[in-house]
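Take a look at the structure below.
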Amino acid sequence: MPPTDGTPATGPGLRLTVLVGESATWRHRPLYTEIVHRAHAAGLAGASVFRGIEGFGASSMIHTQRLLSLSEDLPVAVVIVDAEAAVRAFLPRIAELTGGRTVTLDACEIVRTGAPGIPEERR
404 MPPTDGTPAT GPGLRLTVLV GESATWRHRP LYTEIVHRAH AAGLAGASVF RGIEGFGASS
464 MIHTQRLLSL SEDLPVAVVI VDAEAAVRAF LPRIAELTGG RTVTLDACEI VRTGAPGIPE
524 ERR
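For the sequence shown, the working numbering gives the first residue as 404, with consecutive numbering after it.
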């Protein structure tokens, strides 16, 4: 529960990042969409998808958004932040989606301001 003096409460968390190509799919839908929907169904605090403007991965091919580029597979990062136990419990739910892809886990500090719309159990 956040302090009553207006100071935000903080606590430890875990950030899960899955790096995929924009054109990657799972059963005819974007892979990043499938990961976000599974995170939502698992009740995680939140997930965001960030589209990169340039990058390369295992293929060593540089993908770019620059004008006149033919790239159609820009890098995409799916980022999920929640309590460590919740994120670790979620990993098996996406194991079939992440094989061969870069997945990172980073310790982070979650700042809870008690904003409207945040369920009490998540504060």
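Think of the CB as a built atom: it goes at the ideal place given N, C-alpha and C, for glycine as much as any other residue. As the structure is a computational prediction, the values presented were derived from the model and not from experiment.
As assigned by DSSP and simplified to three states, the class of residue i
i: P478; result: strand
i: L447; result: coil
i: E437; result: helix
i: R526; result: Because R526 carries a pLDDT of 47, less than 50, the predicted location of this residue cannot be relied on, and the following value inherits that uncertainty. In this structure, R526 counts as coil in the three-state DSSP scheme.
i: G416; result: strand
Between the CA atoms of residue j and residue i - distance to the nearest angstrom
i: E437; j: A448; result: 16 angstroms
i: D485; j: L508; result: 11 angstroms
i: G414; j: A442; result: 20 angstroms
i: A492; j: I465; result: 34 angstroms
i: V439; j: L494; result: 13 angstroms
i: I513; j: T428; result: 31 angstroms
i: G455; j: G502; result: 21 angstroms
i: R526; j: A445; result: Reliability of the predicted coordinates at R526 is poor, the pLDDT of 47 falling under 50, and the value obtained from them is presented with this limitation in mind. Using only the alpha carbons, I get a separation of about 18 angstroms.
i: A498; j: R430; result: 15 angstroms
For residue i, the first and last residue of its enclosing alpha helix (DSSP H)
i: T501; result: 487 to 501
Residue i and residue j closer than 8 angstroms at C-beta
i: L477; j: L434; result: no
i: L417; j: A510; result: yes
i: V423; j: R496; result: no
Check: residue i C-beta below 7 angstroms from any heavy atom of the ligand COA
i: R441; result: Ligands are entirely absent from the displayed structure, and the ligand COA is therefore not among its contents.
Rounded Cβ spacing between residue i and residue j (contact assumed at less than 8 angstroms)
i: V482; j: S451; result: 5 angstroms
i: V506; j: E425; result: Not a contact, Cβ separation roughly 17 angstroms.
Where the beta strand (DSSP E) through residue i begins and ends
i: T507; result: 505 to 515
Contact with chain B by residue i, beta-carbon distance below 8 angstroms
i: I456; result: Among the protein chains of the structure shown there is no chain B, as only one such chain exists.
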